[in-house]
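Numbering (the working numbering), first residue to last: 2 to 203.
Take a look at the structure set out below.
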């Protein structure tokens with residue numbers, strides 16, 4: 002049967018982070034964590050946060066190595082628990098929400114690079130009538146955060162990347178909720194991020 006739908010991995014396929022990206026994001030995240038925790042009456046030295054980040058990264062690396070992922074909220078809880086096991090449960094919902102937001106946002110502040118051929122490929126495939134979609138794990142930056150972005154590389158000349166993918170269904174293609182035979186779709190993905198494991202994309 003003719004392929005009608007093409008799905009893409011996100012990190013390491015459409016966007017690429019260099020080897021130093023997690024160090025760059027780490028500094029931004031931990032500065033925000035230090036300030037948010039201090040405002041909540043929890044003074045945590047930077048070196049302790051740094052150790053907690055590395056320990057949570059090792060935990061996430063073990064999960065990612067089994068081709069699984071966990072919500073970003075669990076990333077934050079793992080980091081805090083590595084600092085002090087009871088710390089996550091001492092924080093209010095609003096403080097936890099602020100920490101999750103601080104953890105998720107750095108990729109928008111220091112955007113990764115778009116793959117050199119990704120934009121043209123997406124637009125060409127859309128023009129040919131394929132249904133396009135992103136099917137990707139979260140890594141450290143959830144889709145909800147990416148969809149808030151109004152700056153490159155998360156936008157194209159036609160709008161946000163997520164909008165292009167959501168609105169690119171051809172009239173003859175099945176809707177997102179319609180049953181699909183396996184032979185009607187193809188997946189584009191890269192092993193780059195999976196291979197990096199602990200030093201993760203996003």
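Glycine included, C-beta positions come from ideal geometry on N, C-alpha and C.
- When the beta-carbon positions are compared, residue 73 and residue 5 stay at least 8 Å from each other.
- Closest by C-alpha distance to residue 47, out of 119, 62, 34, is 34.
- A Cβ-Cβ distance of about 6 Å is found for the pair residue 37 and residue 100, placing them in contact under the 8 Å criterion.
- It is roughly 16 Å from the alpha-carbon of residue 130 to the alpha-carbon of residue 9.
- Residue 114 and residue 123 have their C-alpha atoms spaced approximately 16 Å apart.
- In the three-state scheme derived from DSSP, where H, G and I count as helix and E and B as strand, residue 8 is classed as strand.
- Sequence-distant Cβ neighbours of residue 26 in its own chain, meaning closer than 6 Å and more than five residues away, are 107.
- Within its own chain, the residues whose Cβ lies closer than 6 Å to the Cβ of residue 78, once the five positions on either side in sequence are excluded, are 89, listed in chain order.
- Shown here, residue 71 sits in coil according to DSSP, grouped into three states, outside any helix or strand.
- Distances from the alpha-carbon of residue 57 to those of 16, 83, 110 put 83 closest.
- Note that the C-beta distance between residue 53 and residue 80 is below 8 Å.
- Its chain contains 47, 50, 51, 54 as the residues whose beta carbon lies nearer than 8 Å to that of residue 31, once the 5 sequence neighbours on both sides are disregarded; these appear in chain order.
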